[in-house]
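Residue numbers (full-length UniProt numbering): 1 to 143.
(1) Apart from the five residues just before and just after residue 104, which ones in its own chain have a Cβ nearer than 6 angstroms to its Cβ?
(2) Who are the near neighbours of residue 36 in its chain, counting only those whose CB is closer than 7 angstroms to its CB and skipping five residues on each side?
(3) Exposed or buried, residue 45, counting other C-beta atoms within 10 Å across all chains shown (16 or more means buried)?
(4) Among 76, 68, 24 and 4, whose alpha-carbon lies nearest the alpha-carbon of residue 131?
(5) Considering only residues of the same chain and omitting the five flanking positions on each side of residue 129, which have a CB-CB separation below 7 angstroms?
(6) When we look at the beta-carbon of residue 98 and count the other beta-carbons within 10 Å, is it buried (16 or more) or exposed?
(7) Which residue spans inside the stretch 94-129 form an unbroken alpha helix (DSSP H) run of at least 4?
(8) Taking the alpha helix (DSSP H) that residue 55 falls in, what are its first and last residues?
(9) Which word fits residue 70, buried or exposed, when buried means at least 16 other C-beta atoms lie within 10 angstroms of its C-beta?
(10) Going by the CB atoms, is the gap between residue 56 and residue 101 shorter than 8 angstroms?
(11) DSSP three-state label for residue 142, please.
Shown next as structure tokens:
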């Protein structure tokens with residue numbers, strides 16, 4: 001069975017992580033997610049993460065390290081979702097983002113994420129994402 005590959009972009013500011021709510025429609029419409037999307041053929045995960053963030057929010061980010069990955073099935077195809085930390089430029093944190101694929105966005109702490117209606121694939125990443133950010137220096141108060 002062929003695998004699709006997607007990336008999730010984990011941007012943090014202080015004690016919060018950037019999340020976005022999908023536009024209405026489709027089976028996952030209106031649910032929250034980490035920014036990201038499909039990796040195109042012949043594209044690296046890092047390039048895909050930067051491209052997806054730029055397309056979704058109009059912001060150029062620096063892609064940092066790999067965090068974790070999870071497998072899931074969608075439409076009868078197995079997929080792999082890999083999470084990467086991304087760094088939003090300081091001047092990009094406070095300014096309003098151009099939303100092309102979402103209804104809204106917010107900076108949320110990890111405890112809030114647990115209470116939101118998140119897409120299933122991203123919730124598979126959540127335990128490792130939580131461990132990653134709570135163990136990082138300076139990020140201990142996220143939850």
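For every residue, glycine included, the Cβ atom is placed at its ideal position computed from N, Cα and C.
Taking the definition as stated:
(1) Locating residue 104 in the chain shown gives position 104, where the first residue counts as 1. Around residue 104: 21.
(2) If you number the chain shown from 1, residue 36 lands on position 36. Counting only Cβ-Cβ distances below 7 angstroms, and skipping sequence neighbours, we find 6, 7, 8, 9, 49 and 52.
(3) Stepping through the chain shown from its first residue, residue 45 is reached at position 45. Buried, because 16 or more other Cβ atoms sit within 10 Å of the Cβ of residue 45.
(4) Your numbering for residue 131 matches position 131 in the chain shown. Per the Cα distances, 68.
(5) Mapped onto the chain shown, residue 129 falls at position 129. 10, 67, 68 and 83, listed in sequence order.
(6) One-based indexing of the chain shown puts residue 98 at position 98. Classification of residue 98: exposed, given that the 10 Å Cβ count is below 16.
(7) 110-115
(8) Indexing the chain shown from 1 puts residue 55 at position 55. That run of the alpha helix (DSSP H) goes 45-57.
(9) In the chain shown, the residue the question calls residue 70 occupies position 70. Result: buried.
(10) What you label residue 101 is simply residue 101 of the chain shown in a count that begins at 1. What you label residue 56 is simply residue 56 of the chain shown in a count that begins at 1. A contact, by the Cβ cut-off of 8 angstroms.
(11) The count along the chain shown starts at 1 and reaches residue 142 at position 142. Legend: pLDDT at residue 142 = 37, less than 50; position of this residue unreliable, no value from coordinates given.
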